[in-house]
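Chemist: Chains Z and H, in that order, are what the protein sequence lines are.
Counted the way the UniProt record's numbering counts, the first sequence spans residues 1 to 596.
Counted the way the UniProt record's numbering counts, the second sequence spans residues 1 to 596.
All C-beta atoms in this analysis are idealised placements derived from N, C-alpha and C, irrespective of residue type, glycine included.
There are 2 protein chains.
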Amino acid sequence: MPEYKAPIADIRFVLEEYLEVSRYAALQGFDGLDADDIAALLEGAARICEGVAQPLNRVGDEVGCRFRDGEVTTPPGFREAYRAFAEGGWIGLALDSRYGGKGLPGVLSEAVYEVLSGANMAFSGYIELSEAVFTAIHAAGSEEQKRLYLGKLSGGEWTGAMHLTEPQAGSDLRLVRTRAEPQADGTYRITGSKTFITNAEHDLAPNIVNLVLARISGAPDGGGGLSLFIVPKYLPDENDEPGERNAVRCLSIEHKMGLRAAPTGVIAYDGATGFLVGEPNRGLAAMFVMVNDARLGVALQGLSIAEAAYQNAAAYAKERLQGRPVAGVPGGNRDAVPIVDHPDVRRMLLVMRSFTEGARALGLWVALQIDLSKRAADPAERARADRLVALLTPVIKAHFTDGGFEVADLAIQCFGGYGYIRETGIEQFLRDVRITRIYEGTNGIQALDLVRRKLTLDDGAALAEFLALVADDIAAARAIPALESEAAAVARALSDAQEAADWMRGRLPEGLLDPAGGATDFLRLFGLLAMGWTWLRVLVITERRSARRPEGDRTMRAKQMTGRFYILRMLPETDMLKRRATMGAADLMALAAEDF
Amino acid sequence: MPEYKAPIADIRFVLEEYLEVSRYAALQGFDGLDADDIAALLEGAARICEGVAQPLNRVGDEVGCRFRDGEVTTPPGFREAYRAFAEGGWIGLALDSRYGGKGLPGVLSEAVYEVLSGANMAFSGYIELSEAVFTAIHAAGSEEQKRLYLGKLSGGEWTGAMHLTEPQAGSDLRLVRTRAEPQADGTYRITGSKTFITNAEHDLAPNIVNLVLARISGAPDGGGGLSLFIVPKYLPDENDEPGERNAVRCLSIEHKMGLRAAPTGVIAYDGATGFLVGEPNRGLAAMFVMVNDARLGVALQGLSIAEAAYQNAAAYAKERLQGRPVAGVPGGNRDAVPIVDHPDVRRMLLVMRSFTEGARALGLWVALQIDLSKRAADPAERARADRLVALLTPVIKAHFTDGGFEVADLAIQCFGGYGYIRETGIEQFLRDVRITRIYEGTNGIQALDLVRRKLTLDDGAALAEFLALVADDIAAARAIPALESEAAAVARALSDAQEAADWMRGRLPEGLLDPAGGATDFLRLFGLLAMGWTWLRVLVITERRSARRPEGDRTMRAKQMTGRFYILRMLPETDMLKRRATMGAADLMALAAEDF
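#1: Distance check for residue 521/H and residue 581/H, CA to CA, integer angstroms please.
#2: Distance, Cα to Cα, residue 409/H vs residue 182/H?
#3: Using 8 angstroms as the Cβ pair cut-off and three pairs as the minimum, do the segment 438 to 455 of chain Z and the segment 129 to 140 of chain Z touch?
#4: Report the rounded CA-to-CA distance for residue 598/H versus residue 202/Z, giving the unit in angstroms.
#5: Tell me whether residue 57/H is buried or exposed, calling it buried when 16 or more other Cβ atoms sit within 10 Å of its Cβ.
#6: For a test of the three-state rule: what should DSSP assign to residue 645/H, helix, strand or coil?
#7: In this structure, what does DSSP give as the bridge partners for residue 197/H?
#8: Mind the definition here: the segment 476 to 487 of chain H touches the segment 418 to 429 of chain H only if three or more C-beta pairs lie below 8 angstroms; say whether that holds.
#9: Have a look at the DSSP bridge pairing and note the partners of residue 162/Z.
#10: Quick check on residue 246/Z: buried or exposed, where buried means 16 or more other Cβ atoms within 10 Å of its Cβ?
#11: Enumerate in chain order the residues of its own chain whose CB-to-CB distance from residue 573/Z is below 7 angstroms, with the five nearest sequence positions on each side excluded.
#12: Starting from residue 343/H, find everything on chain Z with Cβ-Cβ shorter than 9 angstroms and list it in chain order.
#13: Buried or exposed, going by whether 16 or more other CB atoms sit within 10 Å of the CB of residue 469/Z?
#14: Would you please state the rounded distance, in angstroms, between the beta carbons of residue 189/Z and residue 273/Z? I believe it to be under 8 angstroms.
#15: When you compare the segment 142 to 149 of chain Z with the segment 305 to 325 of chain H, are there three or more beta-carbon pairs, one atom per stretch, that lie closer than 8 angstroms?
#16: If you follow the alpha helix (DSSP H) that residue 515/Z is part of, which residue opens it and which one closes it?
#17: Can you give me the C-alpha to C-alpha distance between residue 185/H and residue 233/H, rounded to a whole angstrom?
#18: Which residues in chain Z sit within 7 angstroms of residue 170/H, going by Cβ to Cβ distance?
#19: Quick one: which chain H residues come within Cβ less than 7 angstroms of residue 447/Z?
#20: Which term fits residue 432/Z, buried or exposed, when burial requires 16 or more other beta carbons within 10 angstroms of its beta carbon?
#21: At least one CB of chain H closer than 8 angstroms to the CB of residue 255/Z: is that the case?
#22: Which whole runs of the alpha helix (DSSP H) in the segment 484 to 515 of chain H are 4 residues long or more, in chain order?
#23: Figure out for me which residue from 575/H, 261/H, 536/H has the closest Cα to the Cα of residue 66/H.
#24: With distances taken from CA atoms, which of 318/H, 316/H, 335/H, 317/H is nearest residue 324/H?
#25: Along the chain, where does the alpha helix (DSSP H) that runs through residue 134/Z open and close?
#26: Is residue 376/Z near residue 27/Z, with beta carbons less than 8 angstroms apart?
#27: Pull up the CB-CB distance for residue 546/Z and residue 556/Z, whole angstroms please, since I reckon it's below 8 angstroms.
#28: Report yes or no: do three or more beta-carbon pairs, one from the segment 190 to 198 of chain H and one from the segment 155 to 171 of chain H, lie closer than 8 angstroms?
#29: Let me make sure I understand the geometry here. Which of 559/H, 278/H, 578/H, 115/H has the alpha-carbon closest to that of residue 502/H?
#30: What residues from chain H crowd round residue 422/Z, counting only those whose CB sits closer than 7 angstroms?
#31: Could you give the first and the last residue of the continuous beta strand (DSSP E) run that contains residue 73/H?
#32: For residue 576/H, decide whether its Cβ has a neighbour in chain Z, counting only Cβ atoms nearer than 8 angstroms.
#33: Any idea what DSSP makes of residue 596/H, helix, strand or coil?
#34: Thinking C-beta only, is residue 90/Z closer than 8 angstroms to residue 38/Z?
#35: Tell me the rounded alpha-carbon separation between residue 248/Z and residue 269/Z.
#36: Tell me whether residue 485/Z is buried or exposed, calling it buried when 16 or more other Cβ atoms sit within 10 Å of its Cβ.
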């Protein structure tokens with residue numbers, strides 16, 4: 001059975017020393033929060049996530065959700081756990097306090113989310129989707145809708161689900177066919193069906209607030225004809241309690257590779273009653289209000305599984321005895337040494353750890369930028385933060401989920417045969433995290449978003465600002481003699497990224513073909529740069545700390561070595577990625593489609 | 001449900017045009033085989049693999065093996081399928097014809113094995129393990145043992161299993177504790193237990209020939225004290241039929257990530273009767289007789305899953321409509337184009353296909369070298385082939401299984417959400433192939449074998465011969481103007497490999513620490529070089545063919561483009577790998593073990 005300990009010390013390092021959140025005390029939600037409050041929040045989250053959510057992670061996978069007669073039964077223990085989270089106030093941490101949210105900074109809420117997802121990723125989705133639906137209704141709903149639904153969602157009384165995908169409309173939502181027929185009373189009759197819908201039917205709560213993308217009769221084809229509707233499982237009665245059963249039904253749930261405790265179903269609307277959210281034909285825009293939040297959430301799922309997988313692999317590597325000591329490694333005449341003493345196992349552990357710690361610092365930095373984009377006093381600062389978030393969101397969504405998968409895979413390898421059997425629970429990490437590279441926009445879609453929209457955002461201002469930020473931090477690191485090689489390595493990655501980005505922008509006017517051919521390699525290059533930049537900033541902090549305390553402390557020394565490993569071992573890949581990203585698409589398109 | 005078509009055309013291309021097996025007519029087993037014979041064999045294999053084995057691949061995964069009261073029931077249909085393969089003469093294709101084998105060249109048998117494993121990897125193991133046990137007894141057993149067991153194994157009447165791993169002895173077999181007590185009648189009483197033993201208990205055949213690694217009482221500790229024993233499930237009676245039940249029992253079987261139709265169990269020996277194979281304390285050597293064959297077999301499993309995954313991804317990409325046409329791609333005003341028209345999907349498909357076709361040519365080249373090492377008339381040619389096989393075996397075992405996993409993963413990505421659900425069967429490829437990177441020596445162990453033993457084999461002769469071979473082929477390709485860039489790209493990879501190999505050999509006298517730190521990166525570098533070299537040789541053939549037939553043929557043009565893609569897109573990674581492989585292990589070992 002896998003273990004999981006919330007990585008509170010490292011989260012606190014990121015919040016307090018890397019992000020210095022105390023500097024933002026003037027911002028709403030940050031005011032009055034001190035280090036003790038943050039520590040208490042994280043410790044509370046650790047207690048409930050480790051004590052309540054994590055012990056259900058295995059049973060969630062082994063038993064999964066059961067479907068019968070249109071109803072989904074969640075795995076044993078999920079109902080009680082959900083109630084504990086709702087009653088403990090762990091839903092809606094960063095949501096608007098006027099509607100029952102706790103009004104905390106998003107960066108704190110995301111830190112807690114990492115812990116929740118690391119403890120039990122499938123379980124975390126029930127809370128995350130409710131918060132996403134809250135956010136969409138909060139942004140686009142009427143006052144009456146807000147009054148009726150937001151408190152129920154933020155309190156966990158009801159849960160939420162997003163209904164987008166249809167069999168013919170996955171990455172391409174323009175093709176959505178579900179119809180909405182206006183009724184005399186101002187409601188709509190929703191007809192059609194959708195697939196791959198998560199948490200739209202379950203037994204955790206007495207009602208489910210479904211947000212459904214559909215096309216009003218007569219609306220234009222394409223994305224510009226889609227509207228967003230609230231289609232509650234039970235129509236609220238005059239007391240705002242679940243009343244009449246609505247004609248939205250789950251027809252079946254999928255048997256999936258992983259994430260089995262989250263039901264993913266086929267949903268049919270048979271003249272269901274829907275309530276329009278916001279303007280007609282503006283449904284995509286209403287959904288995309290929360291796209292940055294949602295993609296950050298998925299990115300953090302990648303990180304969270306990486307952390308859980310690393311913890312288990314490291315523990316196993318220290319206890320599993322196998323193989324002779326390698327010359328130069330202490331071990332003397334022992335028959336066999338712990339496998340952590342083998343350089344190749346170390347390499348795997350350091351790849352895992354350096355990804356995980358770097359992704360945490362970068363991910364929470366992005367979360368902080370989201371806070372700044374909403375809450376900073378200066379409109380220019382808000383706009384700048386918003387641009388940086390827009391630029392980096394597809395990067396971290398894809399890079400962290402690819403990285404989470406890679407780390408889960410390395411954990412299996414560290415465990416050897418024991419990693420391949422279900423009993424140890426290690427292979428579950430890989431199966432669970434695999435979906436994060438697909439949902440909320442496949443990682444290929446993220447790459448296209450990066451090269452097509454984000455590089456040219458505000459005429460390239462977002463890109464230029466980010467690259468300038470990296471350049472400034474390289475200059476700062478160069479002032480520290482101990483970081484000479486590391487600063488130089490990040491500078492090379494920066495120059496590779498700049499070169500590839502220039503190439504992309506130069507090609508875009510001729511069309512998307514060439515940029516699209518290099519998009520995935522470019523995104524990875526950008527992800528490595530962002531991670532390397534983050535580590536370089538962390539190293540500046542640890543260097544300053546060891547200058548103050550030359551005797552050093554163990555945790556900071558470990559962080560230094562981990563960061564150096566990342567920068568010196570991982571970043572050299574950028575040169576190859578730059579070359580691949582800028583090869584164009586001619587060789588990709590040379591074969592006729594029918595020759596594949 | 002996934003489809004699978006045996007890639008006969010490409011296998012024939014490799015055998016007839018790439019390897020030109022007709023040139024070896026003087027060798028035993030190759031004599032009298034013409035292209036028609038080969039085609040007939042492959043078509044027969046395709047029929048039974050596609051018609052009998054492949055349709056059981058899903059049920060094998062869904063139902064798996066069941067364990068009850070010490071007995072394993074294979075999934076529905078497996079018994080009948082196994083009988084069809086045995087009766088059809090598909091077991092022991094390359095085994096000694098004096099003992100019931102078909103005496104065919106190993107290269108042909110391996111080509112058939114790719115098809116069998118592509119159709120149903122779990123099923124293929126029942127045949128492969130019987131052949132492995134045959135090989136070990138054939139090499140080290142007594143005449144009586146050969147007479148008694150080999151015909152039963154090669155005819156498929158009985159099956160075989162290899163018992164090596166124990167809970168404390170996985171990668172490190174020196175730690176095996178199972179004991180063997182000599183008896184007055186010359187037999188041994190075997191006591192102990194083992195874990196992760198495949199196919200040691202099932203219902204496909206009335207008897208199982210277990211080969212068990214154990215330590216004779218009083219034998220030295222370590223690997224030099226291990227002996228090999230035949231421990232049949234039923235002791236053969238005077239008519240060579242299954243007689244008394246032996247005290248070797250399956251206590252349980254594992255629930256695994258994949259390969260669920262192959263039982264992997266905990267085995268206990270409670271004073272079981274064992275028959276010594278070969279000399280006492282020479283058990284490891286007797287096992288390692290077949291290590292090249294077995295690792296090639298696992299490598300081909302990686303290839304076979306890659307082929308199956310590619311076929312399904314390519315078919316889906318041509319039929320799934322999603323997304324606007326990218327500028328420059330035909331598609332006109334259509335709402336949505338097949339996703340094969342998107343450059344990033346093409347990129348994935350070409351990574352998959354170029355790996356698969358390249359690995360097939362390289363894998364069968366190694367199989368041919370195994371044949372030459374056993375059957376060539378000239379002892380020097382035999383020795384040279386043997387060295388090349390020894391050098392390349394760890395490379396292809398690790399590189400093909402890593403590649404097979406990567407291709408299976410890309411297939412999921414091409415399918416998007418449909419790749420994540422069990423119904424389509426795509427995610428099964430990934431779960432099944434994952435074990436190939438662990439068993440028959442983890443890929444980390446392969447990397448260590450390469451840098452520790454193979455680089456210095458015969459004082460470096462194996463390495464020098466291989467690199468000279470590559471250099472010669474680069475020179476030949478350079479004579480063809482159309483291959484200038486490709487030859488140059490392979491030359492760069494060669495120089496990276498040479499440089500890294502020199503570094504490794506230079507460090508080895510100081511100990512294994514630094515080479516071990518770079519071993520995995522070095523193996524990947526070597527794998528890319530071997531694949532690039534193979535593709536370059538293939539391109540020379542296709543260039544000659546198009547010179548003869550300038551109008552060209554479609555298959556050859558597709559092969560050219562696929563090979564160019566591989567060489568120009570994949571090989572640039574070698575520069576980074578060289579840098580990583582030669583960084584030494586200082587940064588890996590800097591952290592104290594307890595700080596992980």
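Modeler: Taking the geometry as given:
#1: Residue 521/H has its alpha-carbon roughly 5 angstroms from the corresponding atom of residue 581/H.
#2: Roughly 50 angstroms separates the two Cα atoms.
#3: Two segments are said to touch when three or more pairs of C-beta atoms, one from each, lie closer than 8 angstroms; by this definition the segment 438 to 455 of chain Z does not touch the segment 129 to 140 of chain Z.
#4: Residue 598/H falls outside the range modelled here, since chain H spans only 1 to 596, and no answer is possible.
#5: It is buried - the Cβ of residue 57/H has at least 16 other Cβ atoms within 10 Å.
#6: Any question about residue 645/H goes unanswered here, given that chain H covers just 1 to 596.
#7: According to DSSP, residue 197/H bridges with 265/H.
#8: A contact between stretches requires three or more CB pairs, one per stretch, nearer than 8 angstroms, and the segment 476 to 487 of chain H fails this requirement with the segment 418 to 429 of chain H.
#9: Paired residues: 211/Z.
#10: The residue is buried, with at least 16 neighbouring Cβ atoms inside 10 Å.
#11: 528, listed in sequence order.
#12: Simply 512, 513, 514, 515, 516, 517, 518, 519, 585, 588, 589.
#13: With fewer than 16 other CB atoms across the displayed protein chains lying within 10 angstroms of its CB, residue 469/Z is exposed.
#14: The pair is a contact, with the Cβ atoms about 7 angstroms apart (cut-off 8 angstroms).
#15: Output reads no: the segment 305 to 325 of chain H does not touch the segment 142 to 149 of chain Z.
#16: Segment 513 to 548, the alpha helix (DSSP H) holding residue 515/Z.
#17: In this structure, the alpha-carbon of residue 185/H lies about 19 angstroms from that of residue 233/H.
#18: Under the 7 angstroms cutoff, chain Z gives 322, 416, 417.
#19: Correct list: 344.
#20: With 16 or more other CB atoms across the displayed protein chains lying within 10 angstroms of its CB, residue 432/Z is buried.
#21: Output row for residue 255/Z: interface = yes.
#22: Secondary structure in the segment 484 to 515 of chain H: the alpha helix (DSSP H) runs of 4 residues or longer, each lying completely within the stretch, are 484 to 507 in chain order.
#23: The shortest C-alpha separation from residue 66/H is found at 261/H.
#24: Residue 324/H has its Cα closest to that of 335/H, out of 318/H, 316/H, 335/H, 317/H.
#25: Here the alpha helix (DSSP H) through residue 134/Z covers 121 to 140.
#26: Cβ atoms of residue 376/Z and residue 27/Z: closer than 8 angstroms.
#27: With 8 angstroms as the limit, residue 546/Z and residue 556/Z qualify as a contact, their Cβ atoms being about 6 angstroms apart.
#28: By the C-beta criterion, the segment 190 to 198 of chain H is judged to be in contact with the segment 155 to 171 of chain H, since at least 3 inter-stretch pairs fall below 8 angstroms.
#29: Checked all of 559/H, 278/H, 578/H, 115/H; the closest Cα to residue 502/H is 578/H.
#30: 255, 256, 257, listed in chain order.
#31: Residues 71 to 73.
#32: So, interface residue.
#33: DSSP places residue 596/H in coil when its eight states are reduced to three.
#34: No, these two residues do not count as a Cβ contact at 8 angstroms.
#35: For residue 248/Z and residue 269/Z, the distance between alpha carbons rounds to 5 angstroms.
#36: Residue burial is scored here from C-beta neighbours: residue 485/Z has fewer than 16 other C-beta atoms within 10 angstroms and is therefore classed as exposed.
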